[in-house]
Ligand SMILES: Cc1cc2nc3c(=O)[nH]c(=O)nc-3n(C[C@H](O)[C@H](O)[C@H](O)COP(=O)(O)OP(=O)(O)OC[C@H]3O[C@@H](n4cnc5c(N)ncnc54)[C@H](O)[C@@H]3O)c2cc1C
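In our numbering, the protein residues as written are 14 to 403.
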């Protein structure tokens, strides 16, 4: 057998025929970046003989890549979203505007937040990661009450205008906790939005932008310094209404504490029976298929590729869409699955708030206003793919 291809050993056990026939069902959980691509693919080429159900709670998918631009004030929120209704209508899938609450991989069912249960023959999960409030409140007591969580992005983007209102009344003291790409971009976006405010980036154990090559880290540090963003290499150990308590014993006075620390797996995966990685994300193979349940697929931040040390990332979710669409078609029609091999290096564009950005691709890096225009063009083109014919 070709190692890159595999027969779709994903046929469900219960081929129903004759009396009591039930159409076979493919359930798509979440309208993440890969699933919007699957919906677009279904609109172009419908799947015959399979009933497809999408479970997605919100009427739109936020495009996180443009959220820092929304925070900076470059884009209205409507420019950063993919409305689902037109995509769903064109693709012919049934849409349940619900959240999944439980998954039982042994019995092929998912439970929704209205108490109903859905049976599936094939399942595809693209629900992203979460900021687990309990987990974060244990690490940073007071986080739940006093922190502004960046995830779910829907909730964050609904709350952000309130911060903008506060920021127009007085100079705010804003702490961004977590210095990954999202934290760095948001800190610089906030600086641009509120030039009079004090913006502090609390990095935790890791260096600023620690996922990037050293040259890019230097560019990020210089960009933060130039924009008068204070970087504290310390850990937030508590939040109150007035301050961030730091590991060194000091308190950082703050009006808004934005929590951008990394995502956790959704809690409903823990008892699902699916094979999970050490952190609790769905373990998948090169076909984006659960390593324990061949008729379950998972992509994006909710999953981890076990065949390569591939970090969960939005880029991965976006790029995984076409491959997932092909493999779902193959799985449901008895075709051949194809391995999805994302490139080792991808172009990373980090916005600096003031229509300036840093580019990183393998060992190459650059920065300038032109990088921001490139990012803006790529982001808008990505969204236009799903919104242009609505
Ligand atoms: C501010 C910010 C900027 C970022 N910028 C970038 C960037 O420039 N490039 C990049 O690569 N990454 C970026 N990221 C990371 C990126 O957001 C994630 O890696 C990416 O969103 C993952 O995509 P996904 O499709 O797996 O999940 P998501 O985009 O999180 O989508 C998941 C979907 O599932 C839905 N959902 C969630 N729970 C349930 C449930 N229980 N039932 C049903 N549906 C559910 C959600 O509503 C959502 O629509 C950024 C993150 C942030 C916070």
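Yeah, the Cβ is synthetic: ideal placement off N, Cα and C, and Gly gets one too.
Taken through DSSP and simplified to helix, strand or coil, residue 209 comes out as coil. Closest by C-alpha distance to residue 350, out of 302, 383, 395 and 65, is 302. Residue 159 is not a Cβ neighbour of residue 277, given a cutoff of 9 angstroms. Here residue 79 really is in contact with residue 392; their C-beta atoms are around 5 angstroms apart, less than 8 angstroms.
The C-alpha of residue 389 lies about 9 angstroms from the C-alpha of residue 82. Collapsing the DSSP output to three states places residue 341 in a helix. As a beta-bridge residue in DSSP terms, residue 309 pairs with 136.
A Cβ-Cβ separation of about 30 angstroms leaves residue 182 out of contact with residue 363 under the 8 angstroms criterion. 312 is the residue among 347, 354 and 312 whose C-alpha sits nearest the C-alpha of residue 46. A distance below 8 angstroms between beta-carbons, with the five flanking residues on each side excluded, links residue 105 to the following residues of its chain, in chain order: 55, 56, 59 and 65.
The three-state secondary structure of residue 382, taken from DSSP, is helix.
At a Cβ-Cβ threshold of 9 angstroms, residue 201 and residue 227 do not count as neighbours.
Residue state for residue 283 is assigned as coil, using DSSP reduced to three classes. Distances taken from the Cβ of residue 112 to the heavy atoms of ligand 1 include one shorter than 8 angstroms. A heavy atom of ligand 1 is found nearer than 8 angstroms to the CB of residue 75. Distance from the CA atom of residue 374 to the CA atom of residue 206, rounded to whole angstroms, is 28 angstroms. Residue 195 places its beta carbon less than 9 angstroms from that of residue 163. Annotation for residue 42 indicates a beta carbon within 8 angstroms of some heavy atom of ligand 1. Residue 354 sits in coil when the DSSP states are folded into three classes, being neither helix nor strand.
Non-local C-beta neighbours of residue 94 in its own chain, meaning closer than 6 angstroms and more than five positions away in sequence, comprise 73 and 75, ordered along the chain. Between residue 233 and residue 360, the alpha-carbon positions lie close to 16 angstroms from each other. Close CB contacts of residue 115 within its chain, under the 6 angstroms cut and outside five residues either way in sequence, are with 124 and 281 (chain order). Here residue 211 is near residue 186, since their CB atoms are less than 9 angstroms apart.
Straight through space, the alpha carbons of residue 261 and residue 396 are spaced by roughly 44 angstroms. Checking the 8 angstroms criterion, the Cβ of residue 167 is within range of a heavy atom belonging to ligand 1. The beta carbon of residue 320 lies closer than 7 angstroms to those of 298 and 299 in the same chain, with the five residues before and after it left out.
In this structure, residue 287 sits near residue 309, with a CB-CB distance shorter than 9 angstroms. For residue 114, the enclosing beta strand (DSSP E) has its first and last residue at 113 to 117.
Relative to the Cα of residue 216, the nearest Cα in the group 224, 192, 223 and 222 belongs to 192.
Burial is judged here by how many other beta carbons sit within 10 angstroms of a residue's own beta carbon; residue 273 has at least 16 and is buried. For residue 69, the shortest C-beta to heavy atom distance toward ligand 1 is below 8 angstroms. A straight line joining the alpha-carbon of residue 172 with that of residue 86 spans about 14 angstroms.
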